[in-house]
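Each residue of the sequence shown is one higher than the one before, starting from 162 at the first, in the numbering used here. Note that CB positions come from ideal geometry on N, CA and C, so glycine has one too. All figures in this text were calculated on a predicted structure; none of them were measured in a lab.
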Amino acid sequence: EEAKSLLTRVSDRDRQRLEEYFAALRESEQELNKSIEWLSRSRQDVEFPVAPSFENEFFKTDIDKQRFLTNPRQIQRGIAFDMIYKAFKFDVTRVVNFYMTGLDNDHHLTTHNVNKSEDARASLTKYDSSFFSLMSNFYDKLASTRAESGGTLMDETITVSTGNNSVSEKMGPHNGNEIPVFVAGGKFKNHGGHVIRKGETTCDIYLSILKQFGIERDRFGNSKKSIVL
């Protein structure tokens, strides 16, 4: 009743925005209720699909993409990503830190065994396939949402996805150098490529992101310099 009363006291533009917001809340509530229903059901093991030719043709077709997104496990995780999207769209928050669980074994220990274990590689392939399929869908939503600035929500959002361990042979896995990082959004100039930089810290990337947002800092953590992204 309070929501209905509020809608009668605002401008047409604000009313439209509020209606979109309330509709998004109802949609999220329905999705969460569906998720809760599974708690009272017996556990069902569902085979998780692995993308064909994963290394070279990841989600080459829309069929590959939908194959992941309609998987029951993906639907559960997709609810979280959808709530993040709505939080950004309606400016509920501007910062989100998300860690996705669901590996067969501990994620960190599994990454240590990639070079030694076929099971570890298979487990991480499932995890990365799941995560980046959700990210792909998340990016599609951001890119199709207009922002008040005239651009898209993707232009105004920067996402940073990092690996669990460093790939530095010299310094070993437990350091802040040479960690695989995936950066998207934010209207950076050099997106769309794979860049290998030796000896640079993850904090160099964070410093560069701050500057992209117009926040001038000499350093961030143990950063050495800002870099072109």
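Is the CB of residue i under 7 Å away from at least one CB in chain B?
i, result
"M261", "The structure shown contains no chain B; it is built from a single protein chain."
Express the C-alpha separation of residue j and residue i in angstroms, rounding to a whole number.
i, j, result
"T313", "I357", "29 Å"
"L295", "A345", "14 Å"
"D243", "D267", "25 Å"
"S284", "P334", "19 Å"
"S166", "N194", "27 Å"
"H355", "I340", "13 Å"
"S297", "K385", "31 Å"
"V253", "H352", "27 Å"
"K359", "Q177", "50 Å"
"N338", "E361", "6 Å"
"L368", "S278", "36 Å"
"F251", "E309", "11 Å"
"G399", "S189", "The chain is shown from 162 up to 390; residue 399 falls before or after that span and cannot be answered."
"L179", "N258", "26 Å"
"T262", "F293", "13 Å"
"D175", "T306", "17 Å"
"R187", "T169", "20 Å"
"R380", "L371", "10 Å"
"Q373", "V256", "15 Å"
Using a Cβ-Cβ cutoff of less than 8 Å, which residues in the same chain neighbour residue i once the five nearest sequence positions on both sides are dropped?
i, result
"V342", "V321, S322, T323, G324, T363, I366"
"T318", "F249, L303, G346, G347"
"N326", "H269, T272, H273, P334, H335, I340"
"G311", "none"
"F215", "Legend: pLDDT at F215 = 44, less than 50; position of this residue unreliable, value from coordinates given subsequently. Taken in chain order, the residues that qualify are T286, S290."
Excluding five sequence neighbours on each side, which residues of the same chain lie with their C-beta closer than 6 Å to the C-beta of residue i?
i, result
"F349", "L390"
"A185", "K247"
"I388", "D365, S369"
Go ahead and pull the three-state DSSP assignment for residue i.
i, result
"S278", "coil"
"F381", "coil"
"R307", "strand"
"F160", "Shown here, the chain extends from 162 to 390; a query on residue 160 therefore has no answer."
"F293", "helix"
"G346", "strand"
"T363", "helix"
"N298", "helix"
"N194", "helix"
"T313", "strand"
For the alpha helix (DSSP H) that contains residue i, what are its first and last residues?
i, result
"T320", "Here T320 belongs to no alpha helix (DSSP H); instead the beta strand (DSSP E) covers 319–323."
"H269", "268–273"
Assuming residue i contacts residue j (C-beta within less than 8 Å), just tell me the rounded distance between them.
i, j, result
"E192", "I240", "5 Å"
"R378", "S291", "Between S291 and R378 the Cβ distance is about 34 Å, and since that is not below 8 Å, they are no contact."
Note down, in chain order, each residue of its chain lying with its Cβ closer than 7 Å to the Cβ of residue i, except the 5 sequence neighbours on either side.
i, result
"E181", "none"
"A281", "T271, N274, V275"
"V211", "Here V211 scores only 48 on pLDDT, less than 50, and its place in the model should not be relied on; the value that follows carries that caveat. Same-chain partners within the cutoff: T286, K287, S290."
"Y300", "M315, A345"
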